[in-house]
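Structure first, commentary second.
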Amino acid sequence: MVAVPPLLVAAVLFLVGIALVIESVETFVETVAEAALGLGVSTFFLTVLLAGVDLENAVLGVAAMTGDLPGVALGTVFGEALFVLGAAVGLAGLVAPFEIRVPRVYILLMVVSPAPMLLLSLDGTLSRFDGAVLVGLFVPFVVAVYWLETRTDVQFLAAEAVEEALEEENEREDGEHEGSGSDRGLRALAVPLLAVVGMTVGSELAVRGARDLLGAVGLSGLAFGATAMSFIASLEELFLTVEPVRQGRPHLGVGNVVGSMAFFVTANAGVVALLAPLDVGGSVMTVHWPFLLGLLAGVVALFARGKVDRPAGALLLAGYGGYWVANVVV
C-alpha cells in the first residue's frame with residue numbers, strides 16, 4: 559500500500575477547505591443578494607456591502623483563531639487588503655486601463671479607514687475592547703455610504719442596474735417550475751443553511767491543513783496567512799475588480815475596493831481580536847503596515863487622478879510582489 563506524504567495531505571486539506579469556504583460564501587451571498595436587489599438601492603452601495611464584505615476571510619480568520627493560529631488570522635487581514643490594492647487594482651490597470659471619476663468623499667473614506675486600527679495598534683496589542691471598537695466602526699461606514707448614495711449630488715451610481723438585475727431575476731423565476739409556497743420557502747431556507755455548513759466544514763479543513771503546512775514551509779503564521787492563505791482565498795477579488803473594469807463598468811470594481819478596504823481593517827480585524835488579544839508589534843509595524851499604507855496611498859492617488867493605466871498597474875503589482883518577498887525574508 560502506497561503511503562501518502564503528510565505534506566500532500568495537508569496541502570489537499572488546505573486547498574479543498576479554502577475552495578469549499580469560497581463556494582459556500584458565494585452561495586450564501588447570492589441568496590442574500592436576491593432579497594437585497596428588491597430594495598432598489600444603488601449598485602455602488604450593494605457592491606460595497608455584498609462584495610466588499612469578504613465573509614470568507616472573516617470565516618477563515620475566526621477558524622484560525624479557534625484553531626490557535628492567531629498569526630494566520632492576523633495575516634489574512636493584511637494579506638487580503640494588500641491583495642485587493644496591489645494585485646486586483648494592478649491587474650485591472652494592466653488588462654484594461656480605465657478612467658473613472660470617484661467622488662472625493664469615497665476617496666476620503668478609503669484614506670481614513672485604516673486609521674482606527676493603526677491607532678489602536680500603537681501599544682502593540684489589539685485587545686478585545688479594541689476589537690469591539692473596530693467591529694462597531696464598520697456600521698457607521700455602511701450607513702454613511704448608504705446615506706451618500708441617497709443624495710443626488712453625491713450618488714455614485716443610480717439604481718437602474720439593480721432594477722435590471724431584479725427584472726432578470728424575476729424572469730428567471732417565472733420560467734422555472736412553480737412549486738407550493740411552503741416548498742419555495744423551504745428551498746430558500748435550505749440553501750443558506752447548507753452554505754453555512756459548507757463554511758464551517760471548509761474552514762476546519764483549511765485550518766487543519768494550514769497547521770501542518772506551517773511546520774513544513776518554514777514560514778511564521780503571520781507570513782503564511784499574509785501570503786499563501788490570503789492569495790488563494792482572495793482569488794475571487796480579481797474577478798470582482800478586474801471583470802467589471804474589463805466590461806466597461808469600473809465603478810463596480812471601485813465599490814469592491816472601497817468596501818473591502820473598510821471591512822478588512824475594521825470589522826474583519828475586530829472580529830478576530832474579539833476572540834483573543836492579538837500581538838501587533840514587530841513585523842506587523844515594520845512590514846505589514848508600511849506596505850498597506852504605501853499601496854493604499856498609491857491606489858488613492860490613482861483614483862483621485864481618475865485614471866489607472868498600465869504603468870500604474872505594473873507598479874501596484876510590483877508593490878504586492880515586494881510584500882511577498884518581505885514576508886519571506888523577514
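The letter at position 232 of the sequence shown is residue 790 when you use the numbering used here, and the numbering goes up by one with no holes.
Even for Gly, the Cβ is constructed at its ideal location relative to N, Cα and C.
As the structure is a computational prediction, the values presented were derived from the model and not from experiment.
Please classify residue i: is it buried, with 16 or more other beta-carbons within 10 angstroms of its beta-carbon, or exposed?
i, result
"E795", "buried"
"L715", "In this predicted model, L715 has a pLDDT of only 42, less than 50, meaning its place in the structure is not dependable; the value taken from the coordinates is given anyway. So L715 ends up on the buried side."
"V803", "buried"
"F782", "buried"
"P672", "buried"
"E718", "Low local confidence applies: a pLDDT of 40 at E718 is under 50, so the model's placement there is unreliable, with the coordinate-based value given in what follows. So E718 ends up on the exposed side."
"G806", "exposed"
"T799", "buried"
"D681", "exposed"
"T785", "buried"
"E638", "buried"
"P628", "buried"
"L566", "exposed"
"P862", "A small correction: the amino acid at residue 862 is Ala; Pro does not occupy that position in the sequence shown. Exposed is the call here."
"G864", "exposed"
"L752", "exposed"
"A859", "exposed"
Nearest CA to the CA of residue i: which residue from the options?
i, options, result
"R766", "V693, K865, D626", "D626"
"G651", "G879, A616, P869, E707", "P869"
"N615", "P672, P661, I576", "I576"
"A876", "V888, I665, F849", "F849"
"A702", "G806, Y664, G619", "Y664"
"G817", "V669, L632, G648", "V669"
"F822", "V647, L692, V660", "L692"
"M623", "S679, L649, V887, G779", "G779"
"P808", "V653, V887, A884", "V653"
"F687", "L833, V886, V570", "L833"
"A855", "L678, P563, L643, E638", "L643"
"S788", "A631, P564, S582", "A631"
"V845", "A646, W882, S582", "W882"
"V829", "A784, V635, V858", "V635"
"A831", "V574, L667, V620", "V620"
"T824", "A646, L706, G689, G629", "G689"
"F641", "V886, G879, A884, V887", "G879"
"A872", "A820, P655, F861", "P655"
"G760", "P563, V617, P564", "V617"
"D837", "L853, V888, G633, V647", "G633"
"V660", "M843, T708, G813", "G813"
"A827", "T683, E581, G756", "T683"
Just to confirm the assignment, what range does the alpha helix (DSSP H) spanning residue i have?
i, result
"A872", "868-887"
"H809", "808-821"
"P661", "Here P661 belongs to no alpha helix (DSSP H), and DSSP marks it neither H nor E."
"G856", "847-863"
"G648", "647-653"
"A831", "827-833"
"G840", "Element bounds for G840: n/a, residue is neither H nor E."
"F782", "779-782"
If you run the structure through DSSP and keep just helix, strand and coil, what is residue i?
i, result
"D626", "coil"
"T683", "strand"
"D612", "coil"
Closer than 7 angstroms, CB to CB, is residue i near chain D or not?
i, result
"L640", "Protein chain content of the structure displayed is limited to a single chain, and chain D is not contained in it."
Following a CB-centred definition, is residue i positioned closer than 6 angstroms to any heavy atom of the ligand PLP?
i, result
"A654", "In terms of ligand content, the structure shown is empty, and the ligand PLP therefore cannot be addressed."
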